[in-house]
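Down below is the structure, laid out as structure tokens.
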Amino acid sequence: MASKLKRRRRVLGASCILAALIVGGSSFAWFTSKDEVVNRLSAKSDYGVGLAEDFTPPENWVPGQKIDKNVGVVNTGNVDAFVRVWLEGEFKLVAESDGPAANVGSYAPADITDNDKMKDLGFKKLTSGGDSYFVKPLSKDKDTNGKSEVQTMQSGGYLAFAPTGAKYQYIVNQDKDVDVYTSTTAHAVTKIRKGSVVQVGAAAAAPSGTTYTAPSNSAGDVDSATFMPTTTGLYLFRHNVDVDDGNNDKNWEYSGYYYVSSTSEDGTWDNQGTYYALKTKTTTDGEKTAYADGIYQNVTNTAGDVTWYIDRQTGEITDAAALVGAKLYAGAQTAVKDDEITWRYTEATPTAPAKLNATITATSGDANKKISVDVGLTNIGIDANKWQYVAATNDTKRATFYYTNDVEDGSTTATLVDDVTLDKDTKQSAYIAFDFDLSVNMNSIQVTIDDDGNECFESVKDGWSADDSKAVAQKGDGTAAAEIATVTWSSVS
Numbered sequence: 042m043a044s045k046l047k048r049r050r051r052v053l054g055a056s057c058i059l060a061a062l063i064v065g066g067s068s069f070a071w072f073t074s075k076d077e078v079v080n081r082l083s084a085k086s087d088y089g090v091g092l093a094e095d096f097t098p099p100e101n102w103v104p105g106q107k108i109d110k111n112v113g114v115v116n117t118g119n120v121d122a123f124v125r126v127w128l129e130g131e132f133k134l135v136a137e138s139d140g141p142a143a144n145v146g147s148y149a150p151a152d153i154t155d156n157d158k159m160k161d162l163g164f165k166k167l168t169s170g171g172d173s174y175f176v177k178p179l180s181k182d183k184d185t186n187g188k189s190e191v192q193t194m195q196s197g198g199y200l201a202f203a204p205t206g207a208k209y210q211y212i213v214n215q216d217k218d219v220d221v222y223t224s225t226t227a228h229a230v231t232k233i234r235k236g237s238v239v240q241v242g243a244a245a246a247a248p249s250g251t252t253y254t255a256p257s258n259s260a261g262d263v264d265s266a267t268f269m270p271t272t273t274g275l276y277l278f279r280h281n282v283d284v285d286d287g288n289n290d291k292n293w294e295y296s297g298y299y300y301v302s303s304t305s306e307d308g309t310w311d312n313q314g315t316y317y318a319l320k321t322k323t324t325t326d327g328e329k330t331a332y333a334d335g336i337y338q339n340v341t342n343t344a345g346d347v348t349w350y351i352d353r354q355t356g357e358i359t360d361a362a363a364l365v366g367a368k369l370y371a372g373a374q375t376a377v378k379d380d381e382i383t384w385r386y387t388e389a390t391p392t393a394p395a396k397l398n399a400t401i402t403a404t405s406g407d408a409n410k411k412i413s414v415d416v417g418l419t420n421i422g423i424d425a426n427k428w429q430y431v432a433a434t435n436d437t438k439r440a441t442f443y444y445t446n447d448v449e450d451g452s453t454t455a456t457l458v459d460d461v462t463l464d465k466d467t468k469q470s471a472y473i474a475f476d477f478d479l480s481v482n483m484n485s486i487q488v489t490i491d492d493d494g495n496e497c498f499e500s501v502k503d504g505w506s507a508d509d510s511k512a513v514a515q516k517g518d519g520t521a522a523a524e525i526a527t528v529t530w531s532s533v534s
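Numbering (this note's numbering), first residue to last: 42 to 534.
Structure (structure tokens):
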């Protein structure tokens, strides 16, 4: 018994020694586990808000003509947005300018190489006295009525003025008595037949066939359809007759041109030269009349005596001094920028829609030089899906239109711009031609979401980044909603 106990103690002691050796020469290894789950939250912002337009520009816009132009805003992205729109414009204007005198001699016009617009309008470039002008030749081609611009200027059938020693011819449209020269001095009144050619200023010669020579510079009746000059200079035709106060004195109006002969005309009877239009007089109603501006009926000298340069009965101009103010018709091109345009907003009435008007007026303040364009507007109001007009607090020209609902992804606003009209009261004396570039500007900002998941107005609460170039507005009521239904805008000073 004792020996067994001793043996057990020896084994236990050895085991303890072995355990101690194991512990001293190693370490514990703990079993552990590590796991990771990655949850990726992806976002893609497809923000696309732009203008939607349906518009076909006219080829030749005339006063009173309305052109459809439908403009709204479309959201092609996936983010709701607030939008606002304002309009700007620019006129590229070609208008009558002060041209060179029409009695200073012949000119040598050149083709235009530095202004495509003036070239397209048929102008020629002329340099005189160091100054350059764009002057307008008259067309010799007949229109659908069988008349050319040249023949229109010759209308009236009475030649009132021609250059000294001028040569011209015409065909008589009825039997007529004409002074026909048979030598350098001898002439006799001869009745010639309808259809015969009369050559004025020709060398003295006996009549040959149906051609007759006549005295030079003979004022009087001519056939306006066949009149043809060959000498460079100013030609004026009595156009209209206004009977005066019963004293048989008459006030005459004149049409005409400045003719520049070509080298091919030397010694020949043709009209291969160029006819240049004359500056016109504008009447009080703004319409141009066939009138050579600067033609005076009389001049009063320092002694108070009246010297008549125009025959008070026939309208013949007997002295070139009366033509001192006659000038060539000239044009000039200018760009009228947006800040030079007067913009005015007019609210809708029971009989007329709202409109935004763009007007430019000559610096002289002449109402006949005014060009006015009306932009017709629609869907104006404060109800949902309307456009709210907000006037700028510091610049009435830059009124802005805010949409009264957010524009949801994939949706389009109601139309704002409906049409564009050249105002019927715009006189054609205000322009030769013009282009009007109407810019519809759109600005958008995303709708934000608050902590409760509601759509809110955080992005516009401070006036949508104040900008002096247009009206600035903010949401009148800052209440958020699960889905915005109506936005009422308030102006911000």
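Don't be surprised by glycine CBs; every beta carbon is placed ideally from N, CA and C.
Of the choices the options, whose alpha-carbon is the least far from that of residue i?
| i | options | result |
| --- | --- | --- |
| valine 513 | Trp505, Gly519, Thr520 | Trp505 |
| leucine 128 | Ser531, Gly519, Ala522, Lys511 | Lys511 |
| leucine 277 | Gly206, Ile358, Gln240, Tyr209 | Ile358 |
| valine 263 | Ala371, Ala521, Ser303, Lys235 | Lys235 |
| aspartate 380 | Met483, Phe132, Asp216 | Phe132 |
| alanine 425 | Tyr300, Val528, Leu162 | Val528 |
| alanine 522 | Asp311, Ile212, Ile490 | Ile490 |
| lysine 533 | Lys320, Gly517, Ile525 | In the sequence as presented, lysine is not what sits at residue 533; that position holds valine. When only C-alpha atoms are compared, the closest one is Gly517. |
| aspartate 157 | Asp139, Val135, Asp172, Val213 | Val135 |
| tyrosine 443 | Gly422, Asp459, Asp460 | Gly422 |
| leucine 479 | Glu496, Ile486, Val458, Thr251 | Val458 |
| glycine 519 | Ile525, Trp530, Phe498 | Phe498 |
| threonine 231 | Thr252, Asp218, Asp493 | Asp218 |
Can you name the residues that DSSP bridges to residue i?
| i | result |
| --- | --- |
| valine 416 | Leu397, Val461 |
| isoleucine 421 | Trp428 |
| histidine 228 | Tyr222 |
| methionine 483 | Val126 |
| methionine 269 | Gln210 |
| threonine 489 | Cys497 |
| tyrosine 370 | According to DSSP, tyrosine 370 bridges with nothing at all. |
| isoleucine 351 | Ile358 |
| lysine 160 | DSSP, once it has assigned bridges, lists no residue as partnering lysine 160. |
| valine 114 | Leu92 |
Hey, residue i and residue j: beta-carbon distance below 7 Å or not?
| i | j | result |
| --- | --- | --- |
| serine 169 | proline 204 | no |
| alanine 471 | lysine 396 | no |
| aspartate 447 | phenylalanine 123 | yes |
| lysine 26 | valine 176 | There is simply no residue 26 to check, as the chain begins at 42 and stops at 534 in what is shown. |
| lysine 368 | alanine 143 | yes |
| tyrosine 300 | proline 270 | yes |
| glycine 118 | aspartate 450 | yes |
| glycine 130 | alanine 399 | yes |
| threonine 254 | tyrosine 209 | no |
| serine 237 | valine 213 | yes |
| serine 302 | threonine 273 | yes |
| methionine 483 | valine 115 | no |
| isoleucine 351 | isoleucine 382 | no |
| glutamine 192 | alanine 266 | yes |
Write down the C-beta distance between residue i and residue j rounded to the nearest angstrom, noting that I regard them as a contact closer than 8 Å.
| i | j | result |
| --- | --- | --- |
| arginine 125 | threonine 387 | Wrong, their Cβ atoms sit about 20 Å apart, outside the cutoff. |
| threonine 462 | glutamine 106 | 7 Å |
| valine 112 | valine 431 | Contact doesn't hold; Cβ gap of about 18 Å is too wide. |
| aspartate 121 | valine 488 | 4 Å |
| tyrosine 211 | phenylalanine 268 | 5 Å |
| glycine 297 | tyrosine 199 | The pair is not a contact, with the Cβ atoms about 11 Å apart (cut-off 8 Å). |
| alanine 93 | threonine 445 | About 18 Å separates the two Cβ atoms, so there is no contact after all. |
| histidine 280 | glycine 197 | 4 Å |
| threonine 467 | proline 104 | 5 Å |
| aspartate 464 | serine 413 | 4 Å |
Quick check on DSSP: helix, strand or coil for residue i?
| i | result |
| --- | --- |
| aspartate 380 | helix |
| arginine 439 | helix |
| glutamate 77 | At glutamate 77, the pLDDT of 46 sits below 50, so the modelled position is not reliable; the number obtained from the coordinates is stated separately. In this structure, glutamate 77 counts as coil in the three-state DSSP scheme. |
| alanine 526 | coil |
| leucine 364 | helix |
| serine 67 | Its pLDDT being 36, under 50, serine 67 is placed unreliably in this model, and the coordinates cannot settle the point. |
| serine 169 | strand |
| glycine 517 | coil |
| serine 470 | helix |
| glutamate 190 | helix |
| alanine 512 | coil |
| cysteine 57 | Annotation note: pLDDT 40 at cysteine 57 (below 50); position unreliable, coordinate value reported separately. Helix. |
| alanine 455 | coil |
| asparagine 409 | helix |
| glycine 504 | coil |
| glycine 274 | strand |
| lysine 235 | coil |
| asparagine 119 | coil |
| glutamate 94 | strand |
Does the Cβ of residue i lie closer than 6 Å to at least one heavy atom of the ligand MG?
| i | result |
| --- | --- |
| alanine 255 | As presented, the structure is devoid of all ligands, the ligand MG included, so that no description of it is given. |
Any beta-carbon of chain D closer than 7 Å to the one on residue i?
| i | result |
| --- | --- |
| alanine 433 | Annotation note: the requested chain D is absent from the structure, which comprises a single protein chain. |
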